[in-house]
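A.B. asks:
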Amino acid sequence: DTGVSQNPRHKITKRGQNVTFRCDPISEHNRLYWYRQTLGQGPEFLTYFQNEAQLEKSRLLSDRFSAERPKGSFSTLEIQRTEQGDSAMYLCASSSLAGNYEQYFGPGTRLTVT
Amino acid sequence: GQNIDQPTEMTATEGAIVQINCTYQTSGFNGLFWYQQHAGEAPTFLSYNVLDGLEEKGRFSSFLSRSKGYSYLLLKELQMKDSASYLCAVPPNTDKLIFGTGTRLQVFP
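Protein chains in written order, with the working numbering: chain A, 1 to 114; chain B, 115 to 223.
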């Protein structure tokens with residue numbers, strides 16, 4: 001399968017714990033995006049990378065959130081000291097610079113903070 | 115600011131035609147996307163319009179008017195499997211998509 005993959009698919013954690021999610025983009029795509037989606041809403045942009053460089057971070061991304069893409073391939077999103085308000089679906093997408101801005105989404109990681 | 119509006123919910127009958135509207139006001143414009151999202155799943159690409167007019171792809175068509183900041187998605191010969199959320203999205207520049215809240219479509223027999 002050559003699509004975008006995300007792990008884990010589901011994560012349940014207690015408030016105050018740290019969690020880390022992984023995204024593997026389509027192999028030839030050099031842009032990688034993270035979005036957050038809550039029930040009944042569209043995805044909200046969090047951050048994006050071009051190769052290993054993080055080029056933009058949303059104001060939604062508090063200092064408890066950090067994302068990396070160390071070798072320009074897979075990416076991780078870490079949330080420290082989770083809060084109940086962090087419960088959401090975290091979506092990863094990738095795109096090619098040569099494309100028409102179309103982004104291909106992974107299946108998402110559903111986070112539940114209890 | 116960035117603003118994309120679409121109706122929250124719509125209902126339709128199997129076999130019918132439904133039109134989902136989207137209006138946008140964004141700082142930039144590099145085309146407009148429609149994505150389909152079934153409950154609990156990732157958004158999947160339906161269409162991309164960058165020029166004014168109608169783009170047809172099977173049962174789905176998408177229309178764009180840049181001067182009016184308006185688009186619609188037209189679904190014909192509705193099937194039960196078309197029950198999903200339909201997301202309108204605009205890339206104001208090259209880095210991110212701004213999404214509307216999505217329109218939840220329910221198709222009844």
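Positions of the beta carbon are idealized from the N, C-alpha and C atoms, including for glycine. Note that the coordinates shown come from a computational prediction; the quantities given were computed from them, not determined experimentally.
Please report how far the alpha carbon of serine 94 (chain A) lies from the alpha carbon of isoleucine 26 (chain A), in whole angstroms.
C.D. replies: For this step, residue 94 (chain A) is matched to residue 94 along the first sequence. For this step, residue 26 (chain A) is matched to residue 26 along the first sequence. Answer to the nearest angstrom: the Cα atoms are 7 Å apart.
A.B. asks: Looking at the structure shown, is glutamine 84 (chain A) part of a helix, part of a strand, or coil, going by DSSP?
C.D. replies: In the first sequence, the residue the question calls residue 84 (chain A) occupies position 84. Looking at glutamine 84 (chain A) - three-state DSSP - the assignment turns out to be helix.
A.B. asks: Using only the alpha-carbon positions, how far apart do serine 87 (chain A) and threonine 38 (chain A) sit?
C.D. replies: Position 87 of the first sequence, counted from the first residue, corresponds to residue 87 (chain A). Position 38 of the first sequence, counted from the first residue, corresponds to residue 38 (chain A). Between serine 87 (chain A) and threonine 38 (chain A), the C-alpha separation is close to 8 Å.
A.B. asks: Against glutamine 41 (chain A), what residues of chain B qualify as contacts under a CB-to-CB distance less than 9 Å, listed in chain order?
C.D. replies: Translated into positions along the first sequence, residue 41 (chain A) becomes position 41. Those are Phe213, Thr215, Gly216, listed as they occur along chain B.
A.B. asks: Assuming leucine 46 (chain A) and serine 58 (chain A) are in contact, meaning their beta carbons sit under 8 Å apart, how far apart are those beta carbons, in whole angstroms?
C.D. replies: Position 46 of the first sequence holds residue 46 (chain A). Position 58 of the first sequence holds residue 58 (chain A). Confirmed, about 5 Å.
A.B. asks: Any idea which residues DSSP pairs glutamate 78 (chain A) with across the strands?
C.D. replies: The residue you call residue 78 (chain A) lines up with position 78 of the first sequence. Looking at the DSSP assignment, glutamate 78 (chain A) forms a beta bridge with A:Thr20, A:Ser66.
A.B. asks: For the beta strand (DSSP E) that tyrosine 35 (chain A) lies in, which residues bound it at each end?
C.D. replies: Within the first sequence, the letter at position 35 stands for residue 35 (chain A). Counting along the chain, the beta strand (DSSP E) containing tyrosine 35 (chain A) begins and ends at 31-37.
A.B. asks: Note down the Cα distance separating glutamine 54 (chain A) from valine 4 (chain A), rounded to an integer number of angstroms.
C.D. replies: What you label residue 54 (chain A) is simply residue 54 of the first sequence in a count that begins at 1. What you label residue 4 (chain A) is simply residue 4 of the first sequence in a count that begins at 1. Taking the straight line from one Cα to the other gives about 19 Å.
A.B. asks: Name, please, each residue of chain A whose Cβ falls closer than 8 Å to the Cβ of asparagine 114 (chain B).
C.D. replies: Past the edges of chain B, shown from 115 to 223, lies residue 114 (chain B), and the structure says nothing about it.
A.B. asks: Determine the burial state of proline 205 (chain B): buried for a count of at least 16 other Cβ atoms within 10 Å of its Cβ, exposed for fewer.
C.D. replies: Residue mapping note: residue 205 (chain B) aligns to position 91 of the second sequence, counting from 1. Burial call: buried.
A.B. asks: Just to confirm the assignment, what range does the beta strand (DSSP E) spanning isoleucine 26 (chain A) have?
C.D. replies: One-based indexing of the first sequence puts residue 26 (chain A) at position 26. It is not in any beta strand (DSSP E) - isoleucine 26 (chain A) carries neither H nor E in the DSSP assignment.
A.B. asks: On the three-state DSSP scale, how would you describe lysine 11 (chain A)?
C.D. replies: As a position in the first sequence, residue 11 (chain A) is number 11, starting the count at 1. In the structure shown, lysine 11 (chain A) sits in a strand (DSSP, three-state: E or B).
A.B. asks: For a contact defined as C-beta to C-beta under 7 Å, what are the partners of alanine 156 (chain B) on chain A?
C.D. replies: Position 42 of the second sequence, counted from the start, is the residue given in the question as residue 156 (chain B). Near alanine 156 (chain B) (Cβ distances below 7 Å), the residues of chain A are Leu91, Phe105, Gly106, Pro107, Gly108.
A.B. asks: Going along the chain, which residues of its own chain have a beta-carbon closer than 7 Å to the beta-carbon of glutamate 68 (chain A), five neighbours each way excluded?
C.D. replies: Within the first sequence, numbered from 1, the residue matching residue 68 (chain A) stands at position 68. Same-chain partners within the cutoff: Ser75, Thr76.
A.B. asks: Taking 7 Å as the line, does the beta carbon of glutamate 102 (chain A) fall inside it for any heavy atom of the ligand COA?
C.D. replies: Ligands are entirely absent from the displayed structure, and the ligand COA is therefore not among its contents.
A.B. asks: Within 10 Å of its beta-carbon, does lysine 210 (chain B) have 16 or more other beta-carbons around it, so buried, or fewer, so exposed?
C.D. replies: Position 96 of the second sequence, counting from 1, holds the residue named residue 210 (chain B). When all chains shown are included, lysine 210 (chain B) counts as buried.
A.B. asks: Can you confirm whether aspartate 119 (chain B), when its beta carbon is compared against all beta carbons of chain A, has any partner nearer than 8 Å?
C.D. replies: Residue 119 (chain B) sits at position 5 when you count from the first residue of the second sequence. Judged by the 8 Å Cβ criterion, aspartate 119 (chain B) is not in contact with chain A.
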